[in-house]
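One structure below.
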Amino acid sequence: MTVSPPVAIDPFGADIPGESARLRALGPVVAVELPGGIPAWAPTRYSTLKALILDRRVSKDPRLHWSLFGEVAENPAWGWILNWVGVVNMLSTYGADHTRLRRLVAPSFTARRTEKMRTRVEAITGDLLAELDLHRAGAVVDLRAGYAHPLPMRMICELFGVPDHLRNATGRLVAAIIDTSDPGPEHALSVQEQIGTVLPALIAYKAETPGDDLTTEMLRVRDEDGDRLSEEELLHTLLLVIGAGFDTTVNLIGNAVVALLRRPDQLAAVRSGAVSWDAVIDEVLRVHPSIASLPLRFAVEDITVDGVTIPAGDAILTTFAAAGHDPERYGPGAAEFDARRGADDHLAFGVGVHRCIGAPLARMEARTALPALFDHFPGLELVAGDGLAQVPSFIAYGWREIPVRLR
Ligand code: HEM
Numbered sequence: 041m042t043v044s045p046p047v048a049i050d051p052f053g054a055d056i057p058g059e060s061a062r063l064r065a066l067g068p069v070v071a072v073e074l075p076g077g078i079p080a081w082a083p084t085r086y087s088t089l090k091a092l093i094l095d096r097r098v099s100k101d102p103r104l105h106w107s108l109f110g111e112v113a114e115n116p117a118w119g120w121i122l123n124w125v126g127v128v129n130m131l132s133t134y135g136a137d138h139t140r141l142r143r144l145v146a147p148s149f150t151a152r153r154t155e156k157m158r159t160r161v162e163a164i165t166g167d168l169l170a171e172l173d174l175h176r177a178g179a180v181v182d183l184r185a186g187y188a189h190p191l192p193m194r195m196i197c198e199l200f201g202v203p204d205h206l207r208n209a210t211g212r213l214v215a216a217i218i219d220t221s222d223p224g225p226e227h228a229l230s231v232q233e234q235i236g237t238v239l240p241a242l243i244a245y246k247a248e249t250p251g252d253d254l255t256t257e258m259l260r261v262r263d264e265d266g267d268r269l270s271e272e273e274l275l276h277t278l279l280l281v282i283g284a285g286f287d288t289t290v291n292l293i294g295n296a297v298v299a300l301l302r303r304p305d306q307l308a309a310v311r312s313g314a315v316s317w318d319a320v321i322d323e324v325l326r327v328h329p330s331i332a333s334l335p336l337r338f339a340v341e342d343i344t345v346d347g348v349t350i351p352a353g354d355a356i357l358t359t360f361a362a363a364g365h366d367p368e369r370y371g372p373g374a375a376e377f378d379a380r381r382g383a384d385d386h387l388a389f390g391v392g393v394h395r396c397i398g399a400p401l402a403r404m405e406a407r408t409a410l411p412a413l414f415d416h417f418p419g420l421e422l423v424a425g426d427g428l429a430q431v432p433s434f435i436a437y438g439w440r441e442i443p444v445r446l447r
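For the numbering used here, add 40 to where a residue sits in the sequence shown, where the first one is 1.
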């Protein structure tokens, strides 16, 4: 199969569905360039992406398996990728290291453990609705800032014991990591500086003020056995789980609100019980997955998939949005939001050994927040119509602001 010249991925993610369709027209696995010109391969079909994710010859460890890893430090325009490949946690490791790092955290997020968080999620949801009630009826508010963002943010901060004085800095750090619109060295440097200050501040605070939280628990593991968790792994694991633990769910809730307000027939169907809230959530994850594509995976050896050979050492982008919109899997109307199709086979939480550990929590938060919002404001209305802006990222897939009229 002939391989077309590399296609530059839009660092702003301004039209992720259109970009996925254009890449798919070029073939099942397409050569792309990430911001700053980083070369990678993008699978464009559901079946191709799933096969690559599940292939044991595909690694997530850049230190072991990326032929260009040594060049990142040399190239100022590549600095942004350090936020993904310069960290050591379960998302960027392979084999035994991955198993070890995942086992430290995953047991805290099983469905059973998550169920115990429900009361707090309901209480925070109630508080946020009460805060929205302080606006006069008919006021226009940003529902991302006022509802979709603070619920997962407050919940993950409680779980990890992040004190009030570090919460805004944590939010800014995660937003800066997700923002891929500026591949310049200053942005990359500023993120590295924030990682180097915010997380050590959290660790120092929890060492002084231990509590019944997951940071305190991880500090105990580090102190008891540095072989199980090094200082660097501790810092980068906190960054991953706190970041993934709220930003993704912010976009799940926000994307669901917009999808339902744009499709009154779908909102009526879920209100009448004709479709379930779980079906709505799965459909949002399929059509508008919180992570559109994730850097990076690496070919451990030459891998031929659907007629294309990815050479050993090359990088692969994990393209969840393209998979969710694949007409081969979901038919010609794949890009359309329709909760009645019952597509719960999406890959939005990943699959295989790296599948999301926080899926039960994210689902429970959305399952709590969405019906509560639509019950509380039965006449909620989207003000911006088609003019909503995507967060400036090809990784995160969500709305920057969600202006709604409260009724
Ligand atoms: C709508 C919400 C969420 C979405 C769409 C999502 C999506 C994903 C995806 C696609 C992966 C797999 C990455 C890969 O295969 O490369 C993943 C992994 C992960 N997620 Fe989530 N996530 C969400 C919520 C959460 C929450 C609430 C947490 C925190 C508790 C979390 C923590 C993690 C962690 C730690 C991993 C790494 C697992 C590993 O590499 O073994 N996620 N997530």
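Where is the CB? At the ideal position from N, CA and C, for every residue including glycine.
If you're wondering where the values come from, they're calculated on a predicted model, not measured in any experiment.
Any non-hydrogen atom of the ligand HEM within 7 Å of residue i CB
i      : result
Ile397 : yes
Ala402 : yes
Ser60  : no
Thr358 : yes
Pro329 : yes
Phe377 : no
Met157 : no
Gly285 : yes
Met193 : no
His189 : no
Met258 : no
Extent of the continuous alpha helix (DSSP H) to which residue i belongs
i      : result
Ile78  : Note, Ile78: premise wrong, no alpha helix (DSSP H); beta strand (DSSP E) at Ile78 to Pro83.
Glu368 : Pro367 to Tyr370
Asp287 : Glu271 to Arg302
Ala339 : First-last for Ala339: Leu334 to Ala339, but that is the beta strand (DSSP E), not the alpha helix (DSSP H).
Val327 : Trp317 to Val327
Thr256 : Leu254 to Glu264
Ile49  : Ile49 -> no alpha helix (DSSP H), and no H or E assigned at all.
Asp167 : Arg158 to Asp173
Ile56  : Ile56 to Leu66
Cβ pair residue i, residue j closer than 8 Å
i      : j      : result
Glu271 : Arg262 : yes
Ala375 : Val327 : yes
Met195 : Ile164 : yes
Tyr134 : Ser107 : no
Ser87  : Val70  : no
Trp81  : Ile397 : no
Pro329 : Phe149 : no
Val315 : Leu292 : no
Ala424 : Ile56  : no
Segment limits, beta strand (DSSP E) that includes residue i
i      : result
Ala71  : Val69 to Leu74
Phe360 : Counting along the chain, Phe360 falls outside any beta strand (DSSP E), though it belongs to the alpha helix (DSSP H) covering Phe360 to Gly364.
Ile93  : Segment Tyr86 to Leu94 is the alpha helix (DSSP H) holding Ile93; no beta strand (DSSP E) there.
Pro102 : Looking at the DSSP string, Pro102 is not in any beta strand (DSSP E); the run it does join, the alpha helix (DSSP H), is Pro102 to His105.
Ala443 : In the sequence under discussion, the amino acid at residue 443 is Pro, which differs from the Ala named in the question. That run of the beta strand (DSSP E) goes Pro443 to Arg445.
Thr344 : Ile343 to Val345
Notebook entry, point to check: How about the stretch 106-126 and the stretch 333-353: do they share at least three Cβ pairs that are nearer than 8 Å?
Noted result: yes
Check: For the stretch 385-394 against the stretch 353-366, are there 3 or more C-beta pairs whose distance is under 8 Å?
Finding: yes
Check: Is there contact between the stretch 187-203 and the stretch 278-291, where contact requires at least three CB pairs shorter than 8 Å?
Finding: yes
Checklist line | the stretch 404-416 contacting the stretch 296-316, beta-carbon criterion three pairs below 8 Å | finding: yes
Next item on the list: Flag this pair as touching only if the stretch 44-64 and the stretch 340-350 have three or more C-beta atom pairs under 8 Å; answer yes or no.
Entry: No, the stretch 44-64 does not touch the stretch 340-350.
Notebook entry, point to check: If we count Cβ pairs, one from each stretch, closer than 8 Å, do we get three or more for the stretch 251-258 versus the stretch 206-217?
Noted result: no
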